[in-house]
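Participant: First the structure, then my questions, so here it is.
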Amino acid sequence: MPHTSPARWFSAALLVLAGACAPVGHQKGGKSAVDFGGAERTFAFAYTAIVERHLDAVSPGAIAFEGMRGLGSIDPEIGITRDGAKVMLTASDHVVAEYPAPAESDTKGWARLTVTATLDARNLSDTLRAVDTERVYEAVFDSTLSKLDVFSRYAGAKEAREHRNSRSGFGGIGIRFDLVDGEAVVSEVVDETPAQAAGLMLDDVITHVDNERIAGLSKEEISRRLRGPVASRVTVTVRRGFKPIETSMARALIVAPTVFATLKDGVAEFRITSFNQKTAASLTAELTALRAEAGNQLKGVLLDLRGNPGGLLDQAVTVADLFIAQGPLVSTKGRHPMASQSYEARPGDIGEDLAVVVLVDGKAASAAEIVAAALQDAGRAVLIGTNSYGKGSVQTVINLPNDGEMTLTWSRFHAPSGYALHGLGVLPALCTNPAGGLARSEEALAANLAQWRATGLDDSDGRRRLRALCMAESRSEAGGDLAAAERLLGDHALMGRLLALSSPVDASILAHHPSR
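Right, dumping it as structure tokens:
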């Protein structure tokens, strides 16, 4: 915003002060049509959710004030300050409006002030007037959530749809494609999908969707046309060589595959890339198939969680339960009553009698760490690799009235032996980071793991020292880790010793160790 004379600012201030009482949704002098009619409801809904559910106690006043300050990310000349019972709007360091601050706990009052200050700021800023409502939501919520923790975040309506598709699937035909010289070329046909049943093949060029040419459309727009409600029909025309082929198919629920299985020298190896709603079922099906194929020659299971950023908590619990007959799997603790939960294994799963090795690295996080910690504490798996990421918090997804979503940290999870994984992660029994510094003797390993489990959440220095024992490193492509796991599954004596060292010394700790 250009600098303006004091007289001009005085006139602007009068305009803004007069506008402070304008009804919500009123837009004065705007250059773009923006609907703020639902903004107050959206802000109030979001502020209420944060106050009720965030891991740490916060007030509506504090989060709304930080949110309004986010307007400066759109136009740095716009500022929000607070002086006791007054909130001030500034432009180019001039105070142009003052508002009475609502009571600190008045969520609706702070939501209304957020909208009022935004509308008034738009009267003063060409930059703010040029953006749509979604950009304002993004600025306000990004500013608010960034002050809470690094994992809470906001996604607008468009991004939120993609997130929901990733977690729960979407109506589609089951292909991936790339734009090559402006043409949509099929790069993958997913098994057991409408596209496979219809006979689509790699390198087919999509030319029409529902008899409309797609030449010149963006990849995003082509995807939008291919997707739709489950069971709805879509007609796809492809060019194969010089021959056009038209096929009609019913869309199905498409959930991205996350489990990739191989059987190698008697070891059932599973690479799990994330945890979505089909991960546990896919792993169970693949393990069942490989057990039947290998028969008595199956040496054990290798779970490769390297690079896995996590995902759905319930899927992590079910995956861990697949290999553990009884006992605790994980517990979560937060302020909201629903944020504190505990999960127990139930007997009868197909993997409970198998030897298990888990690969972890510095990018294995969240749900991946839940699985690794549960298997290690139960004495069911030997961990190989480096320290994991240390993301020990649980996020809840809140759908907002504007069709966006807020991912909000609301609890921390604790391993079965009681330690909080936040900022610590899991310690592998076999460290493959050459610079890790982890003592190689079995006695030292037992001591390190005991200290790992005994270090409290508030001992940040102690946690940093422990993480230096096997420093986190990205090793998702390290073939040596796979080879070490395969050798270990063939060495029953060493496997037994490391399993005994990996689990807590006193099994009763699993049920009764206090949380830290």
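For the sequence shown, counting from 1, position 21 maps to 13 in the numbering used here; every step adds exactly one. Glycine included, each C-beta is placed from N, C-alpha and C at the ideal position. Please read all numbers here as calculations on a predicted model, not as lab measurements.
#1: Between which two residues does the beta strand (DSSP E) carrying residue 391 extend?
#2: Is it buried or exposed for residue 271, if we count other Cβ within 10 angstroms and need 16 for buried?
#3: Rounded to the nearest angstrom, how far is the Cβ of residue 322 from that of residue 335, given a contact under 8 Å?
#4: Quick check on the DSSP output: the alpha helix (DSSP H) that includes residue 211 runs from which residue to which?
#5: Determine the direct distance from the alpha carbon of residue 339 to that of residue 453, and round the result to whole angstroms.
#6: Where does residue 387 land, buried or exposed, given buried means 16+ other C-beta within 10 angstroms?
#7: For residue 313, which option in 288, 459, 367 has the closest C-alpha, if you only look at C-alpha atoms?
#8: How many Å lie between residue 405 and residue 137 at the Cα?
#9: Output needed for residue -2: all residues of its chain with C-beta closer than 6 Å, excluding positions within five of it in sequence on either side, in chain order.
#10: Assess, as a yes-or-no matter, whether the stretch 185 to 195 is touched by the stretch 133 to 150 under the definition of 3 or more beta carbon pairs within less than 8 Å.
#11: Using only CA atoms, which one of 473, 154, 277 lies nearest to residue 374?
#12: Determine the direct distance from the alpha carbon of residue 36 to that of residue 77, and round the result to whole angstroms.
#13: Using a Cβ-Cβ cutoff of less than 8 Å, which residues in the same chain neighbour residue 492 once the five nearest sequence positions on both sides are dropped?
#14: Report yes or no: do three or more beta-carbon pairs, one from the stretch 74 to 90 and one from the stretch 103 to 123, lie closer than 8 Å?
#15: Can you give the Cα-Cα distance for residue 102 and residue 63, rounded to whole angstroms?
#16: Please report the straight-line C-alpha distance between residue 50 and residue 96, rounded to a whole angstrom.
#17: Per DSSP, which residues does residue 232 bridge with? Please list them.
#18: Can you tell me whether residue 150 is helix, strand or coil according to DSSP?
#19: Contact defined as beta carbons within less than 8 Å: I believe residue 301 pairs with residue 33. What is the distance between those atoms, to the nearest angstrom?
#20: Suppose you measure from the CA of residue 45 to the CA of residue 278; what does that come to, to the nearest Å?
#21: Measure the C-alpha to C-alpha separation of residue 283 and residue 262 and round it to an integer number of angstroms.
#22: Determine the DSSP secondary structure at residue 492, reduced to helix, strand or coil.
#23: Which class does residue 241 belong to by DSSP, given the choice of helix, strand or coil?
#24: Entirely within the stretch 180 to 204 and at least 3 residues each: give me those beta strand (DSSP E) ranges in chain order.
#25: Could you check where the alpha helix (DSSP H) with residue 69 kicks off and where it finishes?
#26: Figure out for me which residue from 90, 127, 118, 209 has the closest Cα to the Cα of residue 31.
#27: For residue 411, tell me which candidate among 99, 425, 444, 360 has the shortest Cα-Cα distance.
#28: Can you give the Cα-Cα distance for residue 22 and residue 66, rounded to whole angstroms?
#29: In angstroms, rounded to a whole number, what distance separates the CA positions of residue 318 and residue 289?
#30: Below 8 Å on the Cβ atoms is my guess for residue 380 versus residue 397; work out the distance and round it to an integer in Å.
#31: Along the alpha helix (DSSP H) that carries residue 167, what are the first and last residues, could you check?
#32: So is residue 168 buried or exposed if we call it buried at 16+ other beta carbons inside 10 Å?
#33: Taking the alpha-carbon of residue 341 as reference, which of 273, 129, 234 has the nearest alpha-carbon?
#34: Excluding the 5 residues flanking residue 489 on each side, which residues of the same chain have their C-beta closer than 8 Å to its C-beta?
#35: For my contact list, residue 311 and residue 363 are in at a C-beta cut-off of 8 Å; report their separation, rounded to the angstrom.
#36: Helix, strand or coil for residue 91? Go by DSSP, reduced to three states.
Facilitator: The structure says:
#1: 385 to 391
#2: buried
#3: 5 Å
#4: 211 to 218
#5: 39 Å
#6: buried
#7: 367
#8: 20 Å
#9: Caution is warranted here: a pLDDT of 34 is assigned to residue -2, below 50, making its placement in the model unreliable, and no coordinate value can be reported.
#10: no
#11: 473
#12: The straight-line gap from Cα to Cα measures roughly 20 Å.
#13: Excluding sequence neighbours, residue 492 sits near 371.
#14: yes
#15: Looking at the two C-alpha atoms, the distance is approximately 15 Å.
#16: Going by C-alpha positions, residue 50 is about 10 Å away from residue 96.
#17: 235
#18: helix
#19: That belief does not hold up - the Cβ atoms of residue 301 and residue 33 are roughly 33 Å apart, past 8 Å.
#20: 37 Å
#21: 13 Å
#22: Judged by DSSP in its simplified three-state form, residue 492 adopts helix.
#23: strand
#24: 197 to 201
#25: Careful: residue 69 lies outside any alpha helix (DSSP H) and carries neither H nor E.
#26: Distance from the Cα of residue 31 is smallest, within the candidate group 90, 127, 118, 209, for 127.
#27: 444
#28: No answer about residue 22 holds up, because its pLDDT of 40 lies below 50 and its placement is not dependable.
#29: So the alpha carbons of these two residues sit roughly 26 Å apart.
#30: The Cβ separation is near 26 Å, so there is no contact.
#31: Note, residue 167: premise wrong, no alpha helix (DSSP H); beta strand (DSSP E) at 167 to 172.
#32: exposed
#33: 273
#34: So the list reads 434, once near-sequence residues are dropped.
#35: 5 Å
#36: strand
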